[in-house]
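Student: One structure follows; several queries about it will come next.
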Amino acid sequence: MTVTGINLNYAVASNQKEQVYPALQVTNYQPRSLSEPIDFCMSETSSDLLNHEEHLFELEVVECVYGREAQFMFKIVSDVRWVFLNIPRIFAMDKTTKKVSYPERGVKFIDCNKITVARCFLACVCNGNLILDKDGKPQIFTLKLTSSKTNLIGYWKTKSETKTIISLNKGLQKHYKIRGNLIHLASVNLIAKPKEFVSSINGSSSLGVMFEMEGDAKALREEHQRQIFELITDDKVKAIFDDPFGLKKSVDVETRPVVDEEDEIDF
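Right under this line is the structure:
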């Protein structure tokens, strides 16, 4: 139903949480085999946040099953590369309530029914072009990591050949002989693939999804480096990076990160 004659000057601010950035998901969180292909995708809500007036990557409508519910998603078909905009912070998430909190020093997650959780913020390069939002700034995407998936960040010791966000940044620092973070100035090929996970409690195993970086990083074009730098040095963006789950009560409503549909998927 369409109602005409409403004066929009009388609209009031909504206190409902709205999704700010497109959230990356995968087509299958519970693969049946280690060879099953896994692709990145977005919901219709996330797709609607993109600037469709500009040339974007190609999306294909696919049906995905999350838990017992089928949902139409938009699979990313184009060959894209991703840019990590910062080194994500690690938080704690209650396995039952899904409530996110700050980690408590000296408290083991396994003793309090919690797992690690982090939110990555990324930009996207497609066909050599940086995808921009409706304001002409680099479009920010999010990717939530939980439990073992947070190994992608690299805060814990992993095998030497494992590529992590931190090891990539250290490699760039060593190459350019600089201490400052350089992670946001290079693109990577990020993939999702099936992996067998073994429980540290009872030794049982199950198939899930792990995110990995494949191949070498590539420096962004000079123009793109400038655009990314201007984006991540903005105070509002820095506030979101610092508080990705909106835990600080002092964060302004306009800049507070919000729950997206990705957070509702329990895997």
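First residue of the sequence shown? That's 118 in the working numbering, and the numbers climb one at a time after it. All residues carry an ideal CB built from backbone N, CA and C; glycine is no exception.
Looking only at its chain, what residues have a beta carbon closer than 7 angstroms to the beta carbon of Lys231, apart from the 5 residues adjacent to it on each side?
Tutor: For the purposes of this step, residue 231 is identified with residue 114 of the sequence shown, where counting begins at 1. Ala209, Met210, Asp211, Lys212.
Student: If we count Cβ pairs, one from each stretch, closer than 8 angstroms, do we get three or more for the segment 173-185 versus the segment 336-353?
Tutor: No, the segment 173-185 is not in contact with the segment 336-353.
Student: Taking Asn286 as part of the alpha helix (DSSP H), name the residues at either end of that continuous run.
Tutor: Here residue 286 is taken as the residue at index 169 of the sequence shown, counted from 1. Per DSSP, Asn286 belongs to the alpha helix (DSSP H) from 282-293.
Student: Between the segment 188-199 and the segment 214-224, do three or more beta carbon pairs fall short of 8 angstroms?
Tutor: Because the criterion of three Cβ pairs below 8 angstroms is not met, the segment 188-199 and the segment 214-224 do not touch.
Student: Using the DSSP secondary-structure output, state which residues sit across from Tyr183 in a beta bridge.
Tutor: Looking up residue 183 in the sequence shown gives position 66. According to DSSP, Tyr183 bridges with Glu186.
Student: Between Thr263 and Val234, how many whole angstroms is the CB-CB distance? I'm expecting something under 8 angstroms.
Tutor: In the sequence shown, residue 263 corresponds to position 146, counting from 1. In the sequence shown, residue 234 corresponds to position 117, counting from 1. At roughly 5 angstroms, the Cβ-Cβ gap stays under 8 angstroms, so Thr263 and Val234 are in contact.
Student: Say yes only if the C-beta of Glu186 is nearer than 7 angstroms to one or more non-hydrogen atoms of the ligand MG, and no if none qualify.
Tutor: Judged by which ligands are present, the structure shown has none, so any question about the ligand MG falls away.
Student: Could you check if Glu381 is buried or exposed, using at least 16 other CB atoms within 10 Å of its CB as the buried criterion?
Tutor: Taking the first residue of the sequence shown as 1, we reach residue 381 at position 264. Annotation note: pLDDT 36 at Glu381 (below 50); position unreliable, coordinate value reported separately. Exposed is the call here.
Student: Whose C-beta lies closer than 6 angstroms to the C-beta of Leu151 among residues of the same chain, with five residues either side of it excluded?
Tutor: As a working note, residue 151 is residue 34 in the sequence shown. The answer, listed in chain order, is Pro311.
Student: Kindly confirm or deny that the segment 325-337 and the segment 161-175 touch, where touching means at least three C-beta pairs closer than 8 angstroms.
Tutor: Not touching, per the Cβ criterion.
Student: Verify whether the separation of the beta carbon atoms of Cys243 and Lys192 is less than 8 angstroms.
Tutor: Looking up residue 243 in the sequence shown gives position 126. Looking up residue 192 in the sequence shown gives position 75. No, the Cβ-Cβ distance between Cys243 and Lys192 is not below 8 angstroms.
Student: My output table needs one value for Ile349: the three-state DSSP class, helix, strand or coil.
Tutor: In the sequence shown, counting from the first residue as 1, residue 349 sits at position 232. Helix.
Student: Restricting to Cα atoms, I'd like to know which of Gly122, Arg149, Leu125 is closest to Ser322.
Tutor: In the sequence shown, the residue the question calls residue 322 occupies position 205. Answer by Cα proximity: Arg149.
Student: For the beta strand (DSSP E) that Thr162 lies in, which residues bound it at each end?
Tutor: Stepping through the sequence shown from its first residue, residue 162 is reached at position 45. Run containing Thr162: none in the beta strand (DSSP E); it sits in the alpha helix (DSSP H), 161-165.
Student: Rounded to the nearest angstrom, what separates Ile155 and Ala128 at their Cα positions?
Tutor: In the sequence shown, the residue the question calls residue 155 occupies position 38. In the sequence shown, the residue the question calls residue 128 occupies position 11. In a straight line, the C-alpha of Ile155 is about 43 angstroms away from that of Ala128.
Student: Would you mind sorting Glu371 into buried or exposed? The rule is 16 or more other CB atoms within 10 Å of its CB.
Tutor: The residue you call residue 371 lines up with position 254 of the sequence shown. Low confidence applies here, because Glu371 scores a pLDDT of 36, under 50, leaving its location unreliable; read the following figure in that light. The residue is exposed, with fewer than 16 neighbouring Cβ atoms inside 10 Å.
Student: Measuring straight from C-alpha to C-alpha, what distance separates Leu307 and Asn286?
Tutor: Residue mapping note: residue 307 aligns to position 190 of the sequence shown, counting from 1. Residue mapping note: residue 286 aligns to position 169 of the sequence shown, counting from 1. Those two C-alpha atoms are separated by around 15 angstroms.
Student: Short of 6 angstroms in beta carbon distance, which residues of its chain neighbour Lys254, apart from the five on each side in sequence? Order them along the chain.
Tutor: Mapped onto the sequence shown, residue 254 falls at position 137. Cβ neighbours of Lys254 beyond the five flanking positions: Leu348.
Student: Quick check on Phe328: does DSSP put it in helix, strand or coil?
Tutor: Here residue 328 corresponds to residue number 211 of the sequence shown, with the count starting at 1. Strand at Phe328.
Student: Would you report the Cα separation of Ile248 and Leu125, rounded to the nearest angstrom?
Tutor: Residue mapping note: residue 248 aligns to position 131 of the sequence shown, counting from 1. Residue mapping note: residue 125 aligns to position 8 of the sequence shown, counting from 1. Their backbone Cα atoms lie some 31 angstroms apart in a straight line.
Student: Which value, in whole angstroms, describes the spacing of the CA atoms of Gln344 and Cys229?
Tutor: The residue labelled residue 344 in the question sits at position 227 within the sequence shown. The residue labelled residue 229 in the question sits at position 112 within the sequence shown. For Gln344 and Cys229, the distance between alpha carbons rounds to 42 angstroms.
Student: For the candidate residues Asp360, Arg338, Ala356, whose alpha-carbon lies nearest to that of Cys241?
Tutor: As a first step, residue 241 must be located in the sequence shown, where it is residue number 124. Nearest C-alpha to Cys241: Arg338.
Student: Take Asp165 as the anchor and find which of Asn145, Ala140, Lys335 has the nearest alpha-carbon.
Tutor: Taking the sequence shown and counting its residues from 1, the one referred to as residue 165 is at position 48. Nearest C-alpha to Asp165: Ala140.
Student: In whole angstroms, give me the CA-to-CA distance for Phe189 and His301.
Tutor: By one-based count along the sequence shown, residue 189 stands at place 72. By one-based count along the sequence shown, residue 301 stands at place 184. Going by the C-alpha atoms only, they are around 32 angstroms apart.
Student: Would you identify the three-state DSSP class for Asn268, choosing helix, strand or coil?
Tutor: Within the sequence shown, residue 268 is the residue found at index 151, counting from 1. Helix at Asn268.
Student: Indicate the three-state DSSP secondary structure (helix, strand or coil) for Ile300 in the structure shown.
Tutor: Reading the sequence shown from its first residue, position 183 is the one you call residue 300. Ile300: helix per DSSP, three-state reduction.
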